[in-house]
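Single-structure report; data block below.
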Amino acid sequence: MVRHLVTIDDLSEAEIEAIFGLTDEILAQTATPDKPYRVHGRLPWAGDFILATLFYEASTRTRFSFESAMFHLGGNVLSSADPKTTSAAKGETIADTIRVLENYADAIVIRHPQEGSVRVAAEYADVPIINAGDGGHEHPTQTLCDLYTLRREKGSLKNLNVLLWGDLKNGRTVHSLVYGLARFGARIIPMPAEGFGLPEHVTRRLLRDYDCVPLAKEEVQDSASDEFPVDVVYVTPDKPHQRSLFSDVKEKGPDVLRARLPHNALSKIDACYVTRLQKERLEGDASASDYPVVDLQFLKDRRYKQSSVMHPLPRVDELGYDLDNDARAVYFKQASYGVPVRMALVAALLNIKPGILGAAAPKKKHFVYTRQTVHCDNLRCVTALESEQRYLSPKYLVIVEDDRLTSRCVYCEHESIPEFVGRTSTKKYEPNRMRWDTVPDDIVLFHDEATAIAAGFQPYKHKVKV
Amino acid sequence: MVRHLVTIDDLSEAEIEAIFGLTDEILAQTATPDKPYRVHGRLPWAGDFILATLFYEASTRTRFSFESAMFHLGGNVLSSADPKTTSAAKGETIADTIRVLENYADAIVIRHPQEGSVRVAAEYADVPIINAGDGGHEHPTQTLCDLYTLRREKGSLKNLNVLLWGDLKNGRTVHSLVYGLARFGARIIPMPAEGFGLPEHVTRRLLRDYDCVPLAKEEVQDSASDEFPVDVVYVTPDKPHQRSLFSDVKEKGPDVLRARLPHNALSKIDACYVTRLQKERLEGDASASDYPVVDLQFLKDRRYKQSSVMHPLPRVDELGYDLDNDARAVYFKQASYGVPVRMALVAALLNIKPGILGAAAPKKKHFVYTRQTVHCDNLRCVTALESEQRYLSPKYLVIVEDDRLTSRCVYCEHESIPEFVGRTSTKKYEPNRMRWDTVPDDIVLFHDEATAIAAGFQPYKHKVKV
Amino acid sequence: MVRHLVTIDDLSEAEIEAIFGLTDEILAQTATPDKPYRVHGRLPWAGDFILATLFYEASTRTRFSFESAMFHLGGNVLSSADPKTTSAAKGETIADTIRVLENYADAIVIRHPQEGSVRVAAEYADVPIINAGDGGHEHPTQTLCDLYTLRREKGSLKNLNVLLWGDLKNGRTVHSLVYGLARFGARIIPMPAEGFGLPEHVTRRLLRDYDCVPLAKEEVQDSASDEFPVDVVYVTPDKPHQRSLFSDVKEKGPDVLRARLPHNALSKIDACYVTRLQKERLEGDASASDYPVVDLQFLKDRRYKQSSVMHPLPRVDELGYDLDNDARAVYFKQASYGVPVRMALVAALLNIKPGILGAAAPKKKHFVYTRQTVHCDNLRCVTALESEQRYLSPKYLVIVEDDRLTSRCVYCEHESIPEFVGRTSTKKYEPNRMRWDTVPDDIVLFHDEATAIAAGFQPYKHKVKV
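Protein chains in written order, with the working numbering: chain A, 4 to 469; chain B, 4 to 469; chain C, 4 to 469.
What follows is the structure in structure tokens.
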């Protein structure tokens, strides 16, 4: 059973902890006292293995960190840095590329502009696939590095106050990170640039899939005079078995939760995670003329006295150069941790270090829908590529929400809400406005009524006006 | 004596067999039972060596297969994937590039858009040069992989029925393959897309240089009602010493040969070799709107029941994705064999495994013409590049045909027929319409009469009207 | 204390000699008798190390020579060949790129189009930085190879007659070379293409910083009838302690020096260093329609009988292909020496071979000026890049000349002459036309009077007319 890392959810919390434990061990064996965050020399665990890096988008940093990790493990590297030098230029599909390359390399790192593309690669590969960024979707090894940095610098992730700063709308690293923070029990404090807040699909997922509870500013701060400009804080249960407690919160309101929070919980920010404006993903005429800056001046506020300042890098203007020599600046260390974390990940995926990964990936708990009645409406989804449509059948997870079904593309994880829902057994359809306990096997989803009728379905009971 | 692989003819049949034997040995030592076609781990034969890959044209697949092979041999790799990042941009010639790089690497793999360019490199190198594709000319390691796949899947190449499908006009892999098939005694069955048949120069060479005999469809099929849509089959002698028998064929007609063919020889196709339309080599407004497709439907014909389906990849639309899980589809295995075959080739060329290659390359049996009275009329020939004309003297093989001399460019192997032929001893010229037993040392070739006269030659006997 | 190689002046003469001694040792251990200039096999000194090559400008040759050197040392290589695939495309600064990459690699080789950029990298790195060419500024490892080739082929550099041929204006390799030749006591004989002579800043530096004495042709040649078309020869003291002797020369005229020169000193040229026209650095409509050619004909002159013909390559038309098989042609050997020289350099910088480099780089003997009253007026200087201005403070060395102060940019080493000079203690300024013994700490430099006045300074004594 080959394991992949396409989204951070492909690893269970226990597996992530095991990878971090191995990272600690690697640093203990290789780092010097003056640079406890940097690997020196070889741990020749992967001497028999070849890692391929396949980058369809520019990145020296991420590619080098993987290749350096592989060299430190004693292995070899096949490197493709440039989109134009690949067979994709001759019209080759992702599935074909992978089924050839899996014979040349023992694991493959992919960066690709199309969202969901790396999931496609993983479906066709029998060597481990690692996502190094698939468009605006995910960049899970960055998230591993971010979480490891927080854990290493702060001892634990539990109940940390993590401020997210800047472009929270377009940054895939931020989206992966918030899910990771939620899973490990940190408190998430978004402080976006104006117009660059967390997208609705991310906040919805935080609440629905990761049991976060959004508390308004006034619910977590003692003093009305506190000028801390946050609108909301996402608080997560300490442990999965406490989720029942959070059901209480949903019913009884935030008082239950506030009682459990320490006094003036936001008086101390443990980490500021700063992100640049993702110019390359801006749509149309969007811009950010007054993108805010984190610098020494900003960090003068007493609440930032112990804040680790993180950044996935590269930075542009949003992070002051005056911070570089400040003890709170950990962004270069964060980049350095990328090597041991990726060494641990590669060692785990190649099964050089058995027992790090469990027998199987975390279970998918949703119904998988494969009928071709709907399509993913994310234009950046890999399923929108003509070349991939030659062989790829769209698939969706059907998620039961309170009063409807939501479909999530298995590849890009974009969610949409079908207008109508039918059953093949009855050949009837109805508006998607019901509570379902479980999703029946014969369910059919429709974007619109015309499609339902064209498929030979009849309205349930009476004709529905839309 | 350094050996190179520029065209498949640079290796004798015995040498190719020895390389395949070493490939078998490599797989026996490294492959696992579940994937007997894939190399795992290192055979550290080339630990002291460096291989350079110099790609002036896009290819991740071929480059990676060489680099993977070198890593499996324990060696190192210098990699240049992008034409624009080379010194060629500063106007450097092929000869100079090679004479520098031969000091940095122990063997050099080259892909270059100009036909014959890799032969130039080999002329100037004192380390082995391997052709990874020189324009539309040759791609001999692909041919080695193709032949090895056939041999491995079918046990032997002798008397195999190999169907060639698609664009037989522009594909260099197909041209090299037909010569290889001919040399090992397979039967060649072209089934081109309309307008994409084997070029005349290839079929001429099949007959003249490889002793193939073309049999029309009705000569090899018993039943007139057989709907098998082939026009011709190229049949080759079992062994070189049987060539006399084939002289008989030429004189006595195909009856002699048909008598030696098994009953209904085409009722079983051993392999279908499918090729994509070589869009990047299409001239002018050529296109292929209804390029045929090999898929499960096509293979339903009983004659394909045991056919191995091969493809050099990448595919576009000409090979159905429905075949991918069919046991007859060997194209991904074929790609996988690329690693052990190239390991064996590199080990042989670096003389790590002595005795694989004989003391010298197969003998050239033709007269070498070096006078500058003619030029290669192939516009894609390396001799047409202004940069290479600084130092490169065109050379031609003079081939004796039944009623004329043909000149073949030593570099791109393009053949042309000089209009006139002269002798320096007599200073006379005459039309190129004679039978020669051997080519005299003082021969002079002319494209036209004006050139002959300008060179001070007189017509032989009487003025010839053209 | 980390050492870098950004300009050839970063190494003392003794250090360069030690590197050449190690190069000899490397060749003694690895070269075969038939190719005494080429490294074979591995000297696994750097097995634990990773070298990164970061090329923002095209070069296969230089990149490969470094990577080959690292492989011969048993190390690994991270390779970035293409400017467009780096984070610079996202707006990352040099300082940030380096501070990330220093965690992934143990030494970093950089080629960058901006002059001075590699000095910036070195300022921010805590691993060794090696300059592989920063715009038109320096290419010091080429100079090491050139000097090593001369020393190896001629036994010593002292009193060698080295002819420099071609484009002496734009070639960074030539500029570094003349400084290196001067330091090791060779005689420099410029023979530029018309309009492509050594720039004034280079000749000024030769005289001022390296104690060269320019002798006119008639001063070094016995016979007026000698047709040797040189205008000037730069002669250097044999050893630093002889510089006093050269002070004599300056005062007493060239007679003193001529007496020390051998009879007819230019009758024998030890080496011709040929350079191509640097087309990519030509400004505006400059061209060189009749760029001169060194070929067998040129070398027929008796004075070239023993000349080693060198060239940094790639060549275009300026070096005849007819020379390639002449024993005097050493340019391919010169390229080959690049591997062992770079092996020695890397081993020294990584401190694998301790004792090669002294405890510290050669001392800077000039005052360092950091006030922001002037800017570097070299448009190709790294300080002119908007991205780098975010964090980079210009710095200048203030050089005391006979009747003025000159400022030299610490990064690109471009020199300029401030119009005015002031003192912060007096708040007065005056024209830069004085003799200074030492530069006072409170000095202020101004490009123009308006700037001085705007900064609150008053003219010294009386208003100066410019």
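Just so you know, even glycine gets a beta-carbon here, dropped at the ideal spot from N, CA and C. These figures come from a predicted structure and were not determined experimentally.
Beta carbon of residue i, beta carbon of residue j: below 9 Å?
i: A/D325; j: A/V312; result: no
i: B/V103; j: C/R207; result: no
i: C/H450; j: C/H378; result: yes
i: B/V413; j: B/I272; result: no
i: A/G146; j: A/I11; result: According to the sequence displayed, residue 146 of chain A carries Thr and not Gly. Result yes, Cβ atoms of A/T146 and A/I11 sit closer than 9 Å.
i: A/T278; j: A/V177; result: yes
i: C/Y59; j: C/R114; result: yes
i: A/L167; j: A/P193; result: yes
i: A/P202; j: A/R383; result: no
i: C/T152; j: C/V333; result: yes
When DSSP labels each residue in this structure, what does residue i get in the three-state scheme?
i: A/S310; result: coil
i: C/C379; result: coil
i: B/T63; result: helix
i: C/S410; result: strand
i: A/H244; result: With a pLDDT of only 43 at A/H244, under 50, the local geometry of the prediction cannot be trusted, and the value read off the model is given with reservation. Correct three-state label for A/H244: helix.
i: C/D13; result: helix
i: C/I272; result: coil
i: B/M194; result: strand
i: C/R114; result: strand
i: A/C148; result: helix
i: C/F58; result: strand
i: B/R426; result: strand
Going by C-alpha distance, which of the options is nearest residue i?
i: A/S25; options: A/I11, A/A350 and A/M437; result: Residue identity check: residue 25 of chain A is Leu in the sequence provided, not Ser. Among A/I11, A/A350 and A/M437, the Cα nearest to that of A/L25 belongs to A/A350.
i: B/P47; options: B/T33, B/P39, B/A55 and B/L166; result: B/T33
i: A/G78; options: A/T56, A/E60 and A/D12; result: A/T56
i: B/R45; options: A/Y107, A/S83 and A/I29; result: A/Y107
i: A/Q375; options: A/F301, A/V297, A/G341 and A/T454; result: A/T454
i: C/P397; options: C/P317, C/Y372 and C/T409; result: C/Y372
i: B/V401; options: B/T427, B/E391 and B/H417; result: B/H417
i: C/G188; options: C/P365, C/D214 and C/S83; result: C/D214
i: A/Q281; options: A/D440, A/P195, A/G119 and A/I355; result: A/P195
i: C/C275; options: C/G169, C/V319 and C/R426; result: C/G169
i: B/N267; options: B/P295, B/F335, B/L448 and B/V236; result: B/V236
i: C/V346; options: C/G50, C/M4 and C/A17; result: Contrary to the premise, residue 346 of chain C reads as Met rather than Val in this sequence. Of the candidates C/G50, C/M4 and C/A17, the one whose C-alpha sits nearest the C-alpha of C/M346 is C/G50.
i: B/F199; options: B/F460, B/E16, B/D149 and B/P295; result: B/P295
Residue i: buried (16+ other C-beta within 10 angstroms of its C-beta) or exposed?
i: B/R175; result: buried
i: A/K464; result: exposed
i: B/L14; result: buried
i: A/I19; result: buried
i: A/G136; result: buried
i: B/L186; result: A quick correction: the sequence has Arg, not Leu, at residue 186 of chain B. Under this definition B/R186 is a buried residue.
i: A/V424; result: buried
i: B/S71; result: buried
i: B/I420; result: exposed
- Within 9 Å of chain C by C-beta, residues of the stretch 180-194 of chain A in sequence order: So nothing in the stretch comes that close.
- Task: Identify each residue in the stretch 10-41 of chain C for which the Cβ-Cβ distance to at least one residue of chain B is less than 7 Å, and report them in chain order.
- Result: Identification of residues in the stretch 10-41 of chain C having a C-beta nearer than 7 Å to some C-beta of chain B yields R41, given in sequence order.
- Selection of the stretch 106-122 of chain B by Cβ proximity to chain C, strictly under 7 Å: Result list: N106, Y107 and A108.
- Taking a cut of 7 Å between CB atoms, which residues from the stretch 65-76 of chain B lie near chain A? Cβ contacts with chain A come from F67, S68, E70, S71 and F74.
- Message: Any C-beta of chain A within less than 8 Å: which residues of the stretch 312-324 of chain B qualify?
- Response: The stretch 312-324 of chain B vs chain A, Cβ under 8 Å: L316, P317, R318, V319, D320 and Y324.
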